[in-house]
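Take a look at the structure below.
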Amino acid sequence: MKRLWCCPEPLCPVATWSEASDELRPRASLSERARRAACRLVGAAGLDVAAVATMFGVGWATVMRAV
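Letter by letter, the sequence shown follows residues 4 to 70 in our numbering.
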């Protein structure tokens with residue numbers, strides 16, 4: 004997952020930023036590994052999309068797009 008960071012300093016010129024990772028495509032919320040795991044949990048394990056989304060800390064639509 005991509006984490007968002009916030010600077011606690013009120014005068015910080017950056018204020019917020021996100022992590023950069025080679026495992027995440029641009030604008031992605033889940034890594035490829037997490038996407039594959041979500042697909043397995045929904046498909047083979049039979050869990051519902053909402054439960055998997057909660058497990059990964061993302062929204063329903065994010066998991067649904069991965070499936």
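Yeah, the Cβ is synthetic: ideal placement off N, Cα and C, and Gly gets one too.
Do you know offhand how far residue i's Cα is from residue j's?
i: Ser24; j: Gly49; result: 30 Å
i: Ala47; j: Arg28; result: 25 Å
i: Ala18; j: Ala37; result: 28 Å
i: Trp63; j: Glu35; result: 17 Å
i: Glu22; j: Cys10; result: 13 Å
Within its chain, find whatever has a CB closer than 6 Å to the CB of residue i; leave out the 5 residues flanking it on each side and keep chain order.
i: Met67; result: Val52
Just reading off the alpha helix (DSSP H) that residue i is part of, what are its end residues?
i: Leu44; result: 35-46
i: Arg68; result: 63-69
i: Val52; result: 52-59
Kindly identify the DSSP beta-bridge partner or partners of residue i.
i: Ser24; result: None, per the DSSP bridge assignment.
i: Leu7; result: Ser21
Can you give me the Cβ contacts of residue i inside the same chain, cut-off strictly under 7 Å, excluding the 5 residues immediately before and after it?
i: Trp20; result: Trp8
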